[in-house]
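Numbering-wise, my numbering puts 148 at position 121 of the sequence shown, and it's gapless, one number per residue. Note that CB positions come from ideal geometry on N, CA and C, so glycine has one too.
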Amino acid sequence: MSAPPARRLRSSVRAMLPFPEPESWLDVGTGEAHLPEAARELFPYTSFDGLDANPRVDWARLAERIEEAHVGHLTDPRITARLRARYDVVSMLHHLPHTRDPRQELRAAVAVLRPGGHLLVEAPDPRSVFAVLLGRRWSPGARPGPLHLLSLDELRTELESLGCTIVKRDRRIAHIPHDLSGALSVVLPKSWVVFPLLAAAKAIDLALAPLLSLTRFSNTYRLIARRDASAP
């Protein structure tokens with residue numbers, strides 16, 4: 028999987044600037060820790076750790092992008108117990124849909140937050156207009172393997188039931204311009220002949236992004252929740 032564009036990562040990181048500077052930050056599904064690498068520019072005094080089921084997270088530690096590398100799943104009771112109430116920020120960028128049970132993953136994420144800590148989630152919005160119109164041709168739904176998509180309202184309800192307060196939610200800024208080009212890449216044959224068509228679709232995606240991001244066509248949401256002191 029290719030790394031997310033640096034501009035998008037910086038946008039995700041900047042979302043945490045209004046809150047107290049964290050001492051510790053866990054990026055879940057970190058891969059090669061591109062988000063912690065980008066975040067260091069804005070949070071130079073924060074200690075970043077990464078968790079991923081892929082051992083490449085160990086490479087990220089050797090590359091000094093993170094302090095600690097945890098290989099496995101956040102829902103593993105051994106990992107959850109070891110990291111319990113340890114972090115001021117836990118980030119999950121496009122990670123939840125690829126987990127076996129997003130609700131169980133959220134419970135584990137809240138468990139490793141300190142009281143008053145913040146959870147940053149970005150995920151595809153299954154209720155966006157593009158998701159409804161394109162169906163299985165919608166980019167997130169076209170990826171291999173099962174996806175478990177929560178709507179923004181479902182995510183909010185789940186986190187509130189876990190003792191969290193929603194402090195920010197946004198559909199506009201997190202929009203990723205790839206709906207048309209992604210859908211065409213699913214239905215068209217894999218051939219260089221169709222490359223100009225895909226390039227044109229991508230150009231349209233980019234051109235329409237400023238407008239579509241203001242509407243329900245926006246395909247991604249961002250939510251920040253604070254773990255309350257009363258959370259279990």
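For my contact list, Pro142 and Ala256 are in at a C-beta cut-off of 8 angstroms; report their separation, rounded to the angstrom. In the sequence shown, the residue the question calls residue 142 occupies position 115. In the sequence shown, the residue the question calls residue 256 occupies position 229. The Cβ separation is near 4 angstroms, so the contact holds.
Roughly how many whole angstroms lie between the Cα atoms of Gly168 and Val156? For this step, residue 168 is matched to residue 141 along the sequence shown. For this step, residue 156 is matched to residue 129 along the sequence shown. Reliability fails at Gly168, whose pLDDT of 45 lies under 50, so the model's placement of it is uncertain and the value that follows must be treated cautiously. Their Cα atoms are separated by approximately 14 angstroms.
Just the Cα atoms here: how many angstroms apart are Val116 and Leu133? The residue given as residue 116 occupies position 89 in the sequence shown. The residue given as residue 133 occupies position 106 in the sequence shown. Rounded to whole angstroms, Val116 to Leu133 spans 13 angstroms at the Cα level.
Same chain, Cβ closer than 7 angstroms to Leu189, neighbours up to 5 away in sequence not counted: In the sequence shown, the residue the question calls residue 189 occupies position 162. So the list reads Leu133, Arg134, Val137, Ala258, once near-sequence residues are dropped.
Assign His61 to one of three DSSP states: helix, strand, or coil. For the purposes of this step, residue 61 is identified with residue 34 of the sequence shown, where counting begins at 1. Correct three-state label for His61: helix.
Identity of the residue in Thr73, Pro129, Pro124, Val139 nearest Arg105 by Cα: Start at 1 with the first residue of the sequence shown, and residue 105 comes out as number 78. Among Thr73, Pro129, Pro124, Val139, the Cα nearest to that of Arg105 belongs to Val139.
For Ile251 versus Ala66, is the C-beta distance shorter than 8 angstroms? In the sequence shown, the residue the question calls residue 251 occupies position 224. In the sequence shown, the residue the question calls residue 66 occupies position 39. No, the pair does not count as a contact, with Cβ atoms beyond the cut-off.
Residue from Thr192, Thr247, Thr57 with nearest C-alpha to His100: Position 73 of the sequence shown, counted from the first residue, corresponds to residue 100. Comparing Cα positions, the closest option is Thr57.
Comparing C-alpha positions only, which one of Ile203, Tyr114, Ala60, Ala112 sits nearest to Ala96? Here residue 96 refers to the residue found at position 69 of the sequence shown. Ranking the options by Cα distance to Ala96, first place goes to Ala60.
DSSP-derived helix/strand/coil call for Gly168: Your numbering for residue 168 matches position 141 in the sequence shown. Here Gly168 scores only 45 on pLDDT, less than 50, and its place in the model should not be relied on; the value that follows carries that caveat. Helix at Gly168.
Alpha carbon to alpha carbon, how far is Arg249 from Val40? As a working mapping, residue 249 is identified with position 222 in the sequence shown. As a working mapping, residue 40 is identified with position 13 in the sequence shown. Those two C-alpha atoms are separated by around 11 angstroms.
Using a Cβ-Cβ cut-off of 8 angstroms (strictly less than) and excluding sequence neighbours within five positions of Trp52, which residues of its own chain qualify? Position 25 of the sequence shown, counted from the first residue, corresponds to residue 52. Within the same chain, Trp52 has close Cβ partners Pro63, Ala66, Phe70, Thr73, Ser74, Phe75, Asp76, Tyr114, Asp115, Val116, Val117, Ser118.
Inter-residue spacing [alpha-carbon to alpha-carbon] between Thr247 and Ile231: The residue you call residue 247 lines up with position 220 of the sequence shown. The residue you call residue 231 lines up with position 204 of the sequence shown. Cα to Cα, the separation comes out at about 18 angstroms.
Looking only at its chain, what residues have a beta carbon closer than 7 angstroms to the beta carbon of Thr102, apart from the 5 residues adjacent to it on each side? As a first step, residue 102 is located in the sequence shown; it is residue number 75 there, counting from the start. Taken in chain order, the residues that qualify are Gln131, Glu132, Ala135.
Looking only at DSSP bridge pairs, what is Leu177 linked to? As a position in the sequence shown, residue 177 is number 150, starting the count at 1. Leu177 pairs with nothing; no bridge assigned.
Tell me whether Lys229 sits in a helix, a strand or coil according to DSSP, three-state version. Here residue 229 refers to the residue found at position 202 when the sequence shown is read from its first residue. Three-state DSSP puts Lys229 in a helix.
Measure the alpha-carbon distance for Ile203 versus Lys229 and round it to whole angstroms. Along the sequence shown, read from residue 1 onward, the residue named residue 203 stands at position 176. Along the sequence shown, read from residue 1 onward, the residue named residue 229 stands at position 202. So the alpha carbons of these two residues sit roughly 11 angstroms apart.
Any idea if Gly144 is buried or exposed, counting beta-carbon neighbours within 10 angstroms, 16 or more meaning buried? To locate residue 144, count along the sequence shown from 1; it is residue 117. Buried, since its Cβ has 16 or more Cβ neighbours within 10 Å.
According to DSSP, simplified to helix, strand and coil, what is Glu91? In the sequence shown, the residue the question calls residue 91 occupies position 64. Coil.
Terminal residues of the continuous beta strand (DSSP E) containing Thr192? As a first step, residue 192 is located in the sequence shown; it is residue number 165 there, counting from the start. 191 to 197 is the span of the beta strand (DSSP E), which, as asked, contains Thr192.
Could you check what DSSP says for Ser245 in three-state terms: helix, strand or coil? The residue labelled residue 245 in the question sits at position 218 within the sequence shown. Coil at Ser245, not helix or strand.
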